[in-house]
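What follows is one structure encoded as structure tokens, with my remarks underneath.
In this note's numbering, the protein residues as written are 15 to 71.
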């Protein structure tokens with residue numbers, strides 16, 4: 015896997031991801047972030063994709 019996390023801004027993670035790794039990284043990040051801590055509430059994890067960070071706003 016060659017994807018890279020570029021930036022964390024508050025509750026957002028910004029990655030650079032080759033198209034062929036998109037699905038795998040999405041699943042990996044979802045699993046890791048939704049189980050990062052043992053809590054009594056469910057952590058909501060969402061993902062967006064785009065060519066630039068500006069497309070995500």
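A virtual CB, placed ideally from N, CA and C, is assigned to each residue, including glycine.
Bear in mind the structure is a predicted one, so any value in this text is a computation, not a measurement.
Pair within 8 Å by beta-carbon distance, residue i and residue j
i: residue 50; j: residue 57; result: yes
i: residue 31; j: residue 17; result: yes
i: residue 19; j: residue 35; result: no
Pick from the options that is closest to residue i, judged by C-alpha positions
i: residue 70; options: 22, 24 and 28; result: 28
i: residue 25; options: 64, 68 and 60; result: 60
i: residue 64; options: 22, 33 and 21; result: 33
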